[in-house]
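**Q** Just add 44 to wherever you are in the sequence shown, counting from 1, and you've got my numbering.
If you scroll down you'll find the structure; I have some questions about it.
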Amino acid sequence: MTPKLSWTDQCNRLYSKANQQLGMVKRNAFFVVDVRKRRALYISLIRSQFEHCSIIWRPTGISLIQKLESVQKRALKWILNEENLSYSSWLNYISKCKNLDLLPLSSRFELNDLLFLHKVIHELIPAQLPTYLTFFEGQTRLRRSHLDSLSLVCSIIPNRQLMCLQPVFSSELTVCGTDFLMKSEILNVIRASRLVSEPTFGKICCPL
């Protein structure tokens, strides 16, 4: 992490390391032709690089996510023996992920975040929710918010949204959740009910 609280350098290092691992696997496992065995090699040696503590450093910018996603695209080409084909189309890439029962890395990061939150809420790990996250108590008629007792609301308002709404709401912006006439974007809502059901991806149940 840089002094500006950026994880870009971490993402770049992982990108380089994963590329090196993928090249090593291709050179040394050239005799492996079975798709399932190649998939297992990718999950254990390459994708595991992106799994470690991803809830802390995971990228949120589109460019970094696409950069890491490109590693998985090259790995899928190797697994399926389609290195001469292009996976530039997102729909084509999603289709290949489904064929191998894998999630795109961006969805995998989100799944890891939700699993971590599930463990925190149900006290499965020695960690607690921060004080600015609370379960919603009350009623709202806003269709866009969809708040209920299983929703988490955040009492922190991002600075840029606070500046945009300052002329409209003035003093009501001090506490998030006291006035639900605010735009729902300023509420960091996480549907805890999604954590109870099994995660699915298309027709895949609990993909790796």
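Virtual Cβ for every residue (Gly too), placed ideally from N, Cα, C.
Every value quoted in this text rests on a predicted model; they were computed, and no experiment measured them.
1) Helix, strand or coil: which one does DSSP assign to L177?
2) Is L168 helix, strand or coil by DSSP?
3) Using C-beta distances below 6 angstroms, list every residue in its chain close to Q35, excluding the 5 sequence neighbours before and after it, in chain order.
4) L155 and L147: beta carbons closer than 9 angstroms?
5) Please confirm if the region 165 to 173 is in contact with the region 131 to 140, defined as three or more CB-CB distances below 8 angstroms between the two stretches.
6) Relative to the alpha-carbon of S151, which residue among F75, A84, I90, E95 has its alpha-carbon at the smallest distance?
7) State the start and end residues of the unbroken alpha helix (DSSP H) segment that holds S107.
8) Looking at the strands, I want to know which residues DSSP matches up with S199.
9) Relative to the C-alpha of L89, which candidate in P103, L124, V69 has its C-alpha closest?
10) If contact is defined by three or more beta carbon pairs under 8 angstroms, each pair taking one atom from either stretch, is the region 78 to 92 in contact with the region 116 to 130?
11) Between which two residues does the alpha helix (DSSP H) containing L49 stretch?
12) Helix or strand or just coil, what does DSSP make of F213?
13) Between the beta-carbon of Q65 and the beta-carbon of Q110, is there less than 9 angstroms?
**A** The structure says:
1) strand
2) coil
3) The chain is shown from 45 up to 252; residue 35 falls before or after that span and cannot be answered.
4) yes
5) no
6) E95
7) 106 to 123
8) Beta-bridge pairing links S199 to no other residue.
9) V69
10) yes
11) Unbroken run through L49: none, as it is neither H nor E.
12) With a pLDDT of only 38 at F213, under 50, the local geometry of the prediction cannot be trusted, and the value read off the model is given with reservation. If DSSP states are grouped into helix, strand and coil, F213 belongs with the helices.
13) no
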